[in-house]
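Here is the structure we will look at.
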Amino acid sequence: MAETQFSILDPFSSVDLGLAQSADGVKQWAIDNRGVIQPIKNFFNDMIVGIDTALNAVPPMIMLLIMVLIAWQAGGRRVAILVAVCMFALGFLSPNAWGLAMTTLAIVISAVILCFIIGLPLGILAGKNDRFEAGIRPVLDTMQTIPAFVYLVPVVMLIGIGNVSGVIVTIIFALPPLIRLTSLGIRGVNPSVVEAARAFGANPRQILFKVELPLATPTILAGVNQTIMLSLSMVVIASMISVKGLGNEVLRAMGRLDAGKALVGGLGIVILAVVLDRITQGMGQSGRERGHRHWWQGGPVGAVLRLAGKN
Amino acid sequence: MTGAGQEAVIDCRNLWKIFGRRADEAMKAVQKQGLGKIEVRDQFDCVVGVQDATFTVGRGEIFCIMGLSGSGKSTLIRHVNRLIEPTSGQLFIEGQDVNQLSARQLREVRAEKIGMVFQNMALMPHRTVLENVSFSQEVRGHSLRERRENALRAIDAVDLNGWDQKYPDELSGGMQQRVGLARAIAADPSILLMDEPFSALDPLIRRQLQDKFMSLSAEMKKTTLFITHDLDEAIRIGHRIAIMKDGALVQVGTPEDIVTNPADDYVADFVAGISKLELISAGKIMEPVAVFEKREGPVDLSTWPEAHPDHSLDDLVNLSIATQHPVVVKANGHPIGIVTKNALLRGIKGEVDVMNTAAE
Ligand SMILES: Nc1ncnc2c1ncn2[C@@H]1O[C@H](COP(=O)(O)OP(=O)(O)OP(=O)(O)O)[C@@H](O)[C@H]1O
Ligand SMILES: [Mg+2]
Chain A
1 MAETQFSILD PFSSVDLGLA QSADGVKQWA IDNRGVIQPI KNFFNDMIVG
51 IDTALNAVPP MIMLLIMVLI AWQAGGRRVA ILVAVCMFAL GFLSPNAWGL
101 AMTTLAIVIS AVILCFIIGL PLGILAGKND RFEAGIRPVL DTMQTIPAFV
151 YLVPVVMLIG IGNVSGVIVT IIFALPPLIR LTSLGIRGVN PSVVEAARAF
201 GANPRQILFK VELPLATPTI LAGVNQTIML SLSMVVIASM ISVKGLGNEV
251 LRAMGRLDAG KALVGGLGIV ILAVVLDRIT QGMGQSGRER GHRHWWQGGP
301 VGAVLRLAGK N
Chain B
1 MTGAGQEAVI DCRNLWKIFG RRADEAMKAV QKQGLGKIEV RDQFDCVVGV
51 QDATFTVGRG EIFCIMGLSG SGKSTLIRHV NRLIEPTSGQ LFIEGQDVNQ
101 LSARQLREVR AEKIGMVFQN MALMPHRTVL ENVSFSQEVR GHSLRERREN
151 ALRAIDAVDL NGWDQKYPDE LSGGMQQRVG LARAIAADPS ILLMDEPFSA
201 LDPLIRRQLQ DKFMSLSAEM KKTTLFITHD LDEAIRIGHR IAIMKDGALV
251 QVGTPEDIVT NPADDYVADF VAGISKLELI SAGKIMEPVA VFEKREGPVD
301 LSTWPEAHPD HSLDDLVNLS IATQHPVVVK ANGHPIGIVT KNALLRGIKG
351 EVDVMNTAAE
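Structure representation (C-alpha cells):
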C-alpha cells in the first residue's frame, strides 16, 4: 500500500481493505474444524449414497412403472403417458443413461428434501413476520444472483469435493423460490378465515396446520416445483466438484468436444426436468380442477379403492 | 339497562377503540380534552372505531346493533370475544372480564361459550360442511364421534341435511350462510355473535332465515348480539335495539321506544320510513274511559268492538274497518280505555302522545 500514492480521483485502486485475503482465512478455519465438519459431511453423504444405491438397485422397468404410477396419481392419465414416453426415451438414449439419470435423480431428491426441511420453516416465518421477511429478502436475492463459481470454491474448501458439496451448492441456488412462495402462500390466506379460526378457539399451531398450510399448499407446491427445476439446472455445475451423473457426462463431453455424449447428458437432464415438472405440477393442482375432491379418489389408488369397495 | 331485569350475560362498559399507531396518545387526548372523531383523525392520524360504548345484554335476549356502514358495528362485536383489544374500557362475559383472561382461558371461552357468524361467512374452503361445522369442537380435542353428532345436529337445525360432505363452494350463498349459523351453534354456546348474517341474501330467503333463527334462538335460549344495517330486520328480531353512529351508541331501547321516541334527528331519519302497525300497541294510544266520557258524555260500550291492550295497530285497524264506533280496550273484561279513529290514525303516523293532547 505504501508504494501506491493515494489519489482522490481514483481512491479504489490505492486502498486495499483485505477482503479477499480474509475470505481465504476460511480455508484455515475449515482445516482447524475438520473434526466438527467431517461427521456432518459423512451423515449427508450416507444419505445421498443410500438414495442413489436404492434407485439404482431397482430394475429400470420396475422403476419406470413406479414413476408412471406416481405420475398417474399426481397428474392423471395424460401425465402418466407422457412420463412413460419420456422415461423410455431416456432409457434408450444410451446404454448407461438410465443409471446416470438415477444418480442425478438421487442428488436432486436429496437437495429438494433438504430444501424443504430448511425452506418451509423459514418461509412460514417470513410469511408471518414482516421484519424477518424484510431481512431475508436480500439474502435470497443474493443466493439467486451470485454466480455459482463464487461459492463453489469456499464450499469445496470447507467440505471437500463430492456429493455433499454438490448438494450444498444446489441448495444455495434452489432454496430461494421455496422460501418466497411459502411466504407468499401464507400471506395469501384469506385473513377472515384465519380470524374465524381464532374466533372458534384455535391456537396458533392449530391455525397454522389446520388453516394456513392447507390453504397455502398449492403455492408451496409451486415453490417445490421451482426448487426441483433449479436443482436440475445446477447438475452440470455440481459435476465440476466431482458429482456423478448426467451432469458429469456433459462436463466430460465438453472437455473432449464430444457432441454425442453432450447430447445424451443434455437430453437426459431435459427429460428428467419434464418428468419431475409434470408430476409436481399435477400435485399442485386442486382436486376440483380434476373433477374429484381428494387425491385418493383418483388415479391408481382410487381405482384400487373402488375395486375394494365393490367386493 | 338490562332487558327485563335479568342478569347481564354481556356487560360492556365505556368501551373505546381507536385504530392507529398513536392510539394511546389519542385516547389520552380524548379523555382530557374531549376531542371528536374528526380531530382525532386530523391530529393523530387515528380512526375512532368505537366511542364510549356502554350496554348490557341479558340472558336469552336478542340485542340488535344497528347503524350505517362504517359506524363501527363489526369493530364493537369483535371485542366480545376479544378478536380486537379495546383501547380503553371493559367487557364482561358472565361476570368475567375477557381482557383479563389468559390465552388458554380465552380460547376455551371462544370455543365453548361463544358462537360467531361472520359478515363475509369466512367458511374454510378446504373443509367439508361437516368439518367446518365441527371446527370448534375439533380444536378443543373432542372425540370424533361426539363432534360428528353435534355437528350433524346443528346441520339438521339449519335444514342442510345431506349436505354435510359437500364443500362450501358447492353451496349457494344462502346455504353457506346457514353453514355459518350451524358452525356457530354446533358447540352449543350460550352466546351468539351475529355480524350481518343475512345481509347478502335476497328478501325472501332472508325472511326464512330470520324466522329460522328466531325459533332456534327462542328454543335454545341463546343470548344474541345481532348486527344489522336494516332497521326492519332489527325490529323484527330484536328484543332491544342499539342505534350506532360514528362509533357511538346514540340510543338503546325496545323497538317501540326507538320508533316512537327517537333520541335525535339521526334516529328519527332512520325510523321515518318504518311501518308502526306492528310496533305500537293499543295500550299506548288509548285514552282512559273517564277522559273520553268527560269529553263525549256517557256512552254505551257494549256495541263497540273490543281489543286487548297488547293488540297492535294492525289489529285495531281490522276491528275498526267494520264499524263507525271507536274501539274499547278491555283488560280482564273491564274496559280501561278507548281508541278513537283519530287516535288510531295518529298512532299509525307514530304519534303516541294522545293522552296528553286529549287532556288539554
Ligand atoms: N383494522 C382496522 N384498522 C383501522 N381502521 C379500522 C380497522 N377496522 C375498522 N376500522 C375503521 O373503523 C370504522 C368502523 O368499521 P366497522 O368495520 O366496524 O364498520 P361496520 O359498522 O361494521 O360497517 P359495515 O356495515 O360496512 O360492515 C371504519 O371507519 C373503519 O375504517
Ligand atoms: Mg361490519
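Taken in sequence, the protein lines are chains A and B. Number 311 marks the last residue of the first sequence (UniProt numbering); no jumps. Number 360 marks the last residue of the second sequence (UniProt numbering); no jumps. Note that beta-carbon positions come from the ideal geometry of N, C-alpha and C, so glycine has one too.
In three-state terms, what does DSSP make of T56 of chain B?
-> Per DSSP, reduced to three states, the secondary structure at T56 of chain B is strand.
Using only alpha-carbon positions, find the residue among A:P191, A:P218, A:K128 and A:L232 that is nearest to S183 of chain A.
-> A:K128
Consider the Cβ of L208 of chain A: report whether some Cβ of chain B lies at a distance smaller than 8 Å.
-> Answer no: the Cβ-Cβ gap between L208 of chain A and chain B never drops below 8 Å.
Interface positions of the segment 209–220 of chain B facing chain A (Cβ-Cβ less than 7 Å), listed along the chain = Listed in chain order, the positions of the segment 209–220 of chain B with a beta carbon within less than 7 Å of a beta carbon of chain A would be empty, since no residue qualifies.
N96 of chain A versus chain B: which residues are under 9 Å apart at the beta carbon?
-> Those within 9 Å of N96 of chain A in chain B number zero; the least Cβ separation is about 45 Å.
Is DSSP giving R104 of chain B helix, strand or coil here?
-> helix
Does at least one heavy atom of ligand 2 sit under 7 Å from the Cβ of S74 of chain B?
-> True, at least one ligand heavy atom lies under 7 Å from that Cβ.
Which residue comes first and which comes last in the beta strand (DSSP E) that contains T224 of chain B?
-> T223 to T228
So is N33 of chain A buried or exposed if we call it buried at 16+ other beta carbons inside 10 Å?
-> Classified as exposed, N33 of chain A has fewer than 16 neighbouring CB atoms from the shown chains inside 10 Å of its CB.
Which residue spans inside the segment 1–84 of chain A form an unbroken alpha helix (DSSP H) run of at least 4?
-> 11–14, 19–32, 34–57 and 60–75
Would the beta-carbon of D164 of chain B fall within 8 Å of that of L130 of chain B?
-> yes
N-terminal and C-terminal residue of the beta strand (DSSP E) that M244 of chain B is part of = R240 to K245
Within-8 Å CB hit, V189 of chain A to chain B | no
Under the three-state reduction of DSSP, which class applies to N14 of chain B: helix, strand or coil?
-> strand
Along chain A, which residues have their Cβ under 7 Å away from the Cβ of N120 of chain B?
-> S192
7 Å Cβ shell around R183 of chain B - same chain, five flanking residues per side excluded | N132, V133 and F135
Within-8 Å CB hit, H142 of chain B to chain A = False, the Cβ-Cβ gap to chain A never drops below 8 Å.
Does S172 of chain B get closer than 8 Å to chain A when you measure Cβ to Cβ?
-> No - not a single Cβ of chain A is within 8 Å of the one on S172 of chain B.
Min CB distance H79 of chain B to chain A below 8 Å = no
Taking contact to mean at least 3 C-beta pairs separated by less than 8 Å, is the segment 241–259 of chain B in contact with the segment 49–68 of chain B?
-> Three or more beta-carbon pairs separated by less than 8 Å link the segment 241–259 of chain B to the segment 49–68 of chain B, which places the two stretches in contact.
From which residue to which residue does the beta strand (DSSP E) around G273 of chain B run?
-> In the DSSP assignment, G273 of chain B falls outside any beta strand (DSSP E), carrying neither H nor E.
Taking only beta-carbon positions, decide if L215 of chain A is within less than 8 Å of chain B.
-> Output row for L215 of chain A: interface = yes.
R346 of chain B to V352 of chain B, Cα distance in whole Å?
-> Taking the CA atoms as reference points, R346 of chain B sits about 7 Å from V352 of chain B.
Sheet register partners of S312 of chain B (DSSP bridge) | For S312 of chain B, which the question treats as bridged, DSSP gives the partners B:S281.
Can you check DSSP and say which residues form a bridge with G253 of chain B?
-> B:I241
Contact test: Q229 of chain B Cβ vs ligand 1 heavy atom, cutoff 7 Å | First, the residue type needs correcting, since residue 229 of chain B is His and not Gln in the sequence shown. True, at least one ligand heavy atom lies under 7 Å from that Cβ.
Name the two residues that bound the continuous beta strand (DSSP E) containing I93 of chain B.
-> S88 to I93
Ligand 1 heavy atom lying under 7 Å from the CB of F19 of chain B | Ligand 1 has a heavy atom closer than 7 Å to the beta-carbon of F19 of chain B.
Should Q119 of chain B be listed as close to ligand 1, given that the test is whether its C-beta is under 7 Å from any heavy atom?
-> yes
For the segment 128–142 of chain A, enumerate the residues whose C-beta is nearer than 8 Å to any C-beta of chain B, in chain order.
-> For the segment 128–142 of chain A, which is checked against every Cβ of chain B, not one residue is closer than 8 Å.
Length of the line joining the Cα atoms of S172 of chain B and M124 of chain B = S172 of chain B and M124 of chain B: Cα-Cα distance of roughly 15 Å.
Does DSSP put C86 of chain A in a helix, in a strand, or in coil?
-> helix
From what residue to what residue does the beta strand (DSSP E) around K330 of chain B run?
-> V327 to A331
Over what stretch of residues does the alpha helix (DSSP H) that includes D156 of chain B continue unbroken?
-> L144 to A157
What does DSSP give as the partner residues of F63 of chain B in its beta bridges?
-> Within the DSSP secondary-structure output, F63 of chain B pairs in a beta bridge with B:L225 and B:R240.
Contacting residues, own chain, Cβ-Cβ under 8 Å from A359 of chain B (five flanking each side not counted) = Confidence at A359 of chain B is low in this model, with a pLDDT of 38, below 50, so the placement of that residue should be treated as unreliable; the coordinate-derived value is given next. Scanning its chain for C-beta atoms nearer than 8 Å, with the 5 sequence neighbours on each side dropped, one finds around A359 of chain B the residues V291, in chain order.
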